[in-house]
Amino acid sequence: MARQFQGLNAQTHKNLRIKKDLPLNSLEKQQAVPVVLSEMPKLAAEFPLVFLRQSNGELAPFALFSLEPQRNNFVEQGKWLAKRTPLALFNQPLILSQTKGNDYIVAVDMQSELIANAEDESTVAMFNDDGSETEALKGRKQHLVHFTQQQHQTREFTKLLVEYELIEPRQLVVESQGEKKELQSFFVLNQKKLEGLSQRKYIELKKLGVLYHCYAMIMSLEHLPSLLENQSA
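Letter 214 of the sequence shown, counting from 1, is numbered 343 in the numbering used here, and no numbers are missing.
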């Protein structure tokens, strides 16, 4: 279902309520989600962290849930199998949308399964009766601002890795019944290139505090074999 974003406001969305819990059936076909710097070390303990090419041509880091499009190995029978959840999933169905004047507004996806108009314990209101923001909305906005700031830092991190030529393409191939099949293509951070950097560039990464994140991404690739096993299952 195509997403339909509207600028969130008390006049139009006075009675809008959002479900507290993420409907996992909506994630069954979500192969990957974008990640930001602050969460990389923790997510690396469960998911392969790779780079995917965006529609604008830029690379961005993602947590990979499957090697097959339209599949998520971490959702089964309505349950989330991982111990950790990427921050991007907590934001739904709200986003920070940039206006032509370079300001930001909160927008809501009116086609999201999280939208609810009925009042019950499983939902939370966005506005009070007087039109003021509820504490729930204030908290979500703070989370969106933090996430957006982290996205900017993550883009700069990725640009630096591209500049240092540390990212390379990866294509996985499996053989089934004598036939070879190419799976999801993506980009990864090359450990040999990282350790072969000039002293100046290596120290620069260390000063920026992102060296740890680089190694977290590299170590996360140890999870690829388990995705391959699920792929062939």
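Where a beta carbon is used, it is the ideal one built from N, C-alpha and C, also for glycine.
Helix, strand or coil at residue 155 according to DSSP, with G and I counted as helix: Numbered from 1 along the sequence shown, position 26 holds the residue referred to as residue 155. Reduced to three states, the DSSP call for residue 155 is helix.
The region 234-248 touching the region 132-146, judged by at least three CB pairs closer than 8 angstroms: yes
Of the listed residues 282, 265 and 201, nearest to residue 338 (C-alpha basis): Position 209 of the sequence shown holds residue 338. Ranked by how close their Cα comes to the Cα of residue 338, the residues 282, 265 and 201 have 282 in first place.
Closest Cα partner of residue 86 within the set 178, 290 and 219: Only positions 130 to 362 of the chain appear in the structure, and residue 86 is not among them; the question remains open.
Cβ pair count under 8 angstroms reaching 3, the region 221-228 against the region 185-199: no
Bounding residues of the alpha helix (DSSP H) (the contiguous stretch that carries residue 217): Taking the first residue of the sequence shown as position 1, residue 217 is located at position 88. Taken as a continuous stretch (DSSP letters only), the alpha helix (DSSP H) holding residue 217 covers 216-220.
Bridge partners - residue 224, DSSP secondary structure assignment: Numbered from its first residue, the sequence shown carries residue 224 at position 95. According to DSSP, residue 224 shares a beta bridge with 236.
Classification of residue 177 by the beta-carbon crowding that lies within 10 angstroms, buried from 16 upward: Residue mapping note: residue 177 aligns to position 48 of the sequence shown, counting from 1. Residue 177 is buried by the Cβ-count criterion.
Residue closest to residue 249, alpha-carbon to alpha-carbon, out of 150, 353 and 133: What you label residue 249 is simply residue 120 of the sequence shown in a count that begins at 1. When C-alpha distances from residue 249 are compared across 150, 353 and 133, the shortest belongs to 150.
CA-to-CA distance, residue 262 to residue 172, given in whole angstroms: Taking the first residue of the sequence shown as 1, we reach residue 172 at position 43. Taking the first residue of the sequence shown as 1, we reach residue 262 at position 133. Taking the straight line joining both Cα atoms gives about 32 angstroms.
C-alpha gap between residue 314 and residue 297, whole angstroms: Sequence index remark: in the sequence shown, residue 314 carries index 185 (1-based). Sequence index remark: in the sequence shown, residue 297 carries index 168 (1-based). Answer to the nearest angstrom: the Cα atoms are 11 angstroms apart.
For residue 273, the residue or residues it bridges with in DSSP: Sequence index remark: in the sequence shown, residue 273 carries index 144 (1-based). DSSP, once it has assigned bridges, lists no residue as partnering residue 273.
Residue range of the alpha helix (DSSP H) that includes residue 345: By one-based count along the sequence shown, residue 345 stands at place 216. Element bounds for residue 345: 340-349.
With 16 other Cβ atoms within 10 Å as the buried cut-off, status of residue 210: Locating residue 210 in the sequence shown gives position 81, counting from the first residue. By the neighbour-count rule (16 or more Cβ atoms within 10 Å), residue 210 is not buried but exposed.
Buried versus exposed call for residue 287 [16 or more other C-beta atoms within 10 Å across all chains shown]: In the sequence shown, the residue the question calls residue 287 occupies position 158. Buried.
From 236, 329 and 159, residue whose alpha carbon lies closest to that of residue 204: Sequence index remark: in the sequence shown, residue 204 carries index 75 (1-based). Of the candidates 236, 329 and 159, the one whose C-alpha sits nearest the C-alpha of residue 204 is 159.
Among 138, 208, 316 and 155, nearest to residue 347 - alpha-carbon criterion: As a position in the sequence shown, residue 347 is number 218, starting the count at 1. Comparing Cα-Cα distances from residue 347 to each of 138, 208, 316 and 155, the minimum goes to 316.
DSSP state of residue 300 mapped onto helix, strand, coil: Working through the sequence shown from its first residue, we reach residue 300 at position 171. Strand.
Beta-carbon proximity list for residue 353, same chain, < 7 angstroms, skipping 5 on both sides: Against the sequence shown, residue 353 aligns to sequence position 224. In chain order, 177 place their CB closer than 7 angstroms to the CB of residue 353, counting only its own chain and leaving out the 5 sequence neighbours on each side.
Same chain only: Cβ atoms within 8 angstroms of residue 152, ignoring 5 sequence neighbours per side: Within the sequence shown, numbered from 1, the residue matching residue 152 stands at position 23. 242 and 243.
Among 183, 269 and 253, nearest to residue 223 - alpha-carbon criterion: Your numbering for residue 223 matches position 94 in the sequence shown. Closest by alpha carbon: 269.
Residue 121 - containing alpha helix (DSSP H), residue span: What is shown of the chain runs 130 to 362, which leaves residue 121 out entirely.
Residues of its chain near residue 266, where Cβ-Cβ distance is below 6 angstroms and the 5 sequence neighbours each way are ignored: The sequence position of residue 266 within the sequence shown is 137, counting from 1. Result list for residue 266: 255, in chain order.
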